[in-house]
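Chains as they are written, first to last, in the numbering used here: chain A, 1027 to 1182; chain B, 1027 to 1182. First up is the structure itself, then whatever we jot down about it.
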């Protein structure tokens, strides 16, 4: 992408997008939780051709039509996210901290060796709640800590 | 503004802004109606420092805090609008037609000499309803036509 396109995408994401990482209970994962990072662009379904244009430019992510008339372009895989973050972070104003934090999390995630490491990672993810003014999250590091202790994976 | 900033502003406006022209009843105006053009940027009040940053970069418009927790940056004067349209139109994707139409209206407006000219202008403004997927407007060219005829300003 050229700098003007990167800057445009950053503006669009700042205006009407989201950068977040969530913790999701998933028993097929080692510690019982999946780390789910997403960059999402939103728009009215009436503008689906525009969203396809964005997707074509980014060459990553998939489109999803919600039942409430919103179309979402979601990027969720590690490689695409790391690429996109590096491309647009210099141009982001509103969501620069979220982009940097997501990058830290994606990089830290690779080095998780123990339940303690995993819990540290979850603590980093907690910060998204404040950064994005989200409602209080059910699945946060406190919740993970309880489960890890209960399962005997973490010494109390 | 440099090209990257123009492109960023265009992306932000495409994502979370509005370009529109409205017809408002106003008896202090020659034909009984005011033409009200606006470019508006929206954001949560939590991001008011960001909105002040945008205003500082644009050097036009004024900020208004709404009661529903939204802060608006509104540009409404002819000179600022014409400047902003010329700066960002090449970078707009979603709202390029609205920007071009607003420019046409602002330029045509200066040449309105008769009630017939004014009605033609109002017909151009009607197009915003479709472009912006607005709800049906009460004050459209049909309404203006009725009033102008009633006032004897337009020969039936």
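Idealized CB from N, CA, C, for every residue including glycine.
#### Entry: Contacts of residue 1041/A in chain B (Cβ-Cβ under 9 Å)
1037, 1038, 1039, 1040, 1041, 1042, 1043, 1067, 1068 and 1069
Q.
If you measure between the beta carbons of residue 1033/B and residue 1066/B, is that distance less than 8 Å?
A. no
Is residue 1088/A helix, strand or coil when you go by DSSP?
-> strand
Using the beta-carbon count (16 or more within 10 Å), is residue 1041/A buried or exposed? buried
Could you tell me if residue 1055/A is buried or exposed, where buried requires 16 or more neighbouring beta carbons within 10 angstroms of its beta carbon? exposed
Would you kindly check if the distance between the Cβ of residue 1070/A and the Cβ of residue 1047/A is under 8 Å?
-> no
For residue 1013/A and residue 1038/B, which I take to be in contact (beta-carbon distance under 8 Å), what is that distance rounded to the nearest angstrom? Given a span of 1027 to 1182 for chain A in the structure shown, any question on residue 1013/A remains unanswerable.
Original post:
Between 1124/B, 1031/B and 1116/B, which lies nearest to residue 1151/B when the distance is taken from Cα to Cα?
Top reply: 1124/B
Strictly under 8 Å for the Cβ-Cβ distance: is residue 1030/A near chain B by that measure?
yes
With DSSP as the reference, please indicate the residues paired to residue 1051/A in a beta bridge. 1059/A
Give the C-beta separation of residue 1108/A and residue 1132/A to the nearest angstrom, bearing in mind that I take them to be a contact with Cβ-Cβ under 8 Å. 6 Å
Quick check: the segment 1090-1098 of chain A against the segment 1109-1119 of chain A, are there 3 or more CB pairs under 8 Å? no
Neighbourhood of residue 1104/A by C-beta distance below 7 Å, restricted to the same chain and skipping five residues each side: 1132
Item to complete: Spell out the partners DSSP gives residue 1101/B in its beta bridges.
Response: 1065/B
Cβ closer than 8 Å: which chain B residues qualify as neighbours of residue 1072/A? 1159
Can you tell me which of 1153/B, 1068/B and 1088/B puts its alpha carbon nearest to the alpha carbon of residue 1168/B? 1153/B
Check the Cβ of residue 1110/B against every Cβ in chain A and list those closer than 8 Å, keeping chain order. Under the 8 Å cutoff, chain A gives no residues; its nearest Cβ is about 14 Å from residue 1110/B.
Going by DSSP in three states, residue 1160/A sits in which element: helix, strand or coil?
coil
Following a CB-centred definition, is residue 1081/B positioned closer than 7 Å to any heavy atom of the ligand HEM? Inclusion of the ligand HEM in the displayed structure is not the case, the ligand content being empty and no account of it being possible.
*Residues of chain B with CB under 8 Å from residue 1123/A, in chain order?*
Those do not exist, as residue 1123/A stays about 12 Å from chain B at its closest Cβ, beyond 8 Å.
Exposed or buried, residue 1140/B, counting other C-beta atoms within 10 Å across all chains shown (16 or more means buried)?
exposed
Tell me whether residue 1178/A sits in a helix, a strand or coil according to DSSP, three-state version. coil
Spatial distance of residue 1171/B from residue 1180/B (CA atoms): 8 Å
*Got a sec? Which residues, its chain only, sit under 7 Å from residue 1126/B by beta carbon, not counting five neighbours each side?*
1115
Take residue 1060/B as the anchor and find which of 1177/B, 1130/B, 1166/B and 1157/B has the nearest alpha-carbon. 1166/B
Residue 1177/A and residue 1030/B closer than 8 Å at C-beta: no
key: Partner residues on chain B for residue 1132/A, Cβ-Cβ distance less than 7 Å   = Under the 7 Å cutoff, chain B gives no residues; its nearest Cβ is about 24 Å from residue 1132/A.
Taking 8 Å as the CB-CB cut-off, is residue 1120/A touching chain B?
-> yes
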